Amino acid sequence: MEKKIKLNPFVKWAGGKQGIASNLIRYFPVKYGKYYEPFVGGGSVLFTLQPECAMISDANTWLIDTYQAIKEDWNAVAEALMEMPNTKEFFLDLRAQCPRALPRAQKAANFIYLNKTCFRGLFRVNQRGQFNVPYGNYDRRYFDPANLQAVAEFLNNVDLRHGDFKISLQDVQEGDFVYLDPPYYKLGGHSEFNRYTDQQFRANDHVRLAEVCREMTSRGVHWIMSNSNTEFIRELYSSYYIENIRNRREINLKSGNRDIDELLISNRPLVERRGKKFDESDVQAVLLE
Ligand SMILES: C[S@@+](CC[C@H](N)C(=O)[O-])C[C@H]1O[C@@H](n2cnc3c(N)ncnc32)[C@H](O)[C@@H]1O
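Numbers 79 to 367, taken from our numbering, label the letters of the sequence shown in order.
Put into structure tokens, the structure is as follows:
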């Protein structure tokens, strides 16, 4: 199915692939059964690829609940967002609320609002799971109703799950295709904070993920993974195909040092299999040969 409408992530996500998604998917197979993305985050790769049949999941419950709310009733989410003024007072008040007891559409609206109006669009929670990013003071629109509607229509054919990647990938079958974009193995020893959930993704989780990749390979499942260009990751996946790529990080790196090397890893040769869906103006970085 060729892409008809451009879909955009409705949240800004640390480690988001928006800048390179269009180039990345050229390495994806053209024909496959079901598309799986168990670290979906803001969904930039999903929304660029627009597969006909997909399963997406993430360990961040509030994020997946937001996808679910948009799928069920995007209009209710949009209406709740329209009621929310972009002021520091309102932001702080909302941030202090416990989202658990709220109706799903309101909870989703709160999530989008906090993500888009907070400082640099980070999602970070403390150990009690409370959102703790300061106010951003940006004078800009923080949601687009037309995009929410288009995303909702697209999500009609998408199964949503919440939880750990291993459980989400349990029913993947021969012929399916999986794109994996886990929290990267720590680069350069910078201190990690809880970027996505109240749990950290540690070396042991990367080892668990490599084991799941091994199992998927033995079942005839084609997978491609993005990860950091580190000794540990190169070693962990040394029996697979590995290419260096360039990414552009919007978050967490000082300007001037934003182009960083990372890896594309797969159990099949990394060759260009399809044309680009967007033109160059949509792409902020290119894959290196
Ligand atoms: C690098 S981000 C994915 C970014 C996404 N590709 C995008 O373009 O926005 C990694 C994601 O993994 C999720 N995550 C962390 N630990 C996980 C786990 N054990 N199982 C599944 N997802 C997990 C995080 O919540 C985060 O959304």
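The beta-carbon is built from N, C-alpha and C at its ideal position, and this holds for glycine as well. As the structure is a computational prediction, the values presented were derived from the model and not from experiment.
Beyond the five residues adjoining it in sequence on each side, D339 comes within less than 7 Å, by CB distance, of N307, N322 and R324 in the same chain, given in chain order. Pairing Y191 with Q128, the inter-Cα distance amounts to about 25 Å. The count of Cβ pairs closer than 8 Å, one atom from the segment 222-241 and one from the segment 195-211, stays below three, leaving the stretches out of contact. Between ligand 1 and F189, a heavy atom-to-CB distance of less than 6 Å is absent. Of the heavy atoms belonging to ligand 1, none sits nearer than 6 Å to the Cβ of S317. Between F106 and R351, the beta carbon gap of about 7 Å places them in contact (Cβ cut-off 8 Å). F221 and T195 have their C-alpha atoms roughly 10 Å apart. At a Cβ-Cβ threshold of 7 Å, W140 and F189 count as neighbours. For W91, the CB falls within less than 6 Å of some heavy atom of ligand 1. For S304, the enclosing beta strand (DSSP E) starts and ends at H300 to S306. Taken through DSSP and simplified to helix, strand or coil, R324 comes out as strand. Annotated three-state conformation of I134 is strand, per DSSP. Counted as a single uninterrupted DSSP element, the stretch harbouring E115 is not any alpha helix (DSSP H) but the beta strand (DSSP E) occupying residues Y113 to E115. Y213 places its beta carbon 7 Å or farther from that of K244. Counting of Cβ neighbours within 10 angstroms places V236 among the buried residues, the total reaching 16 or more.
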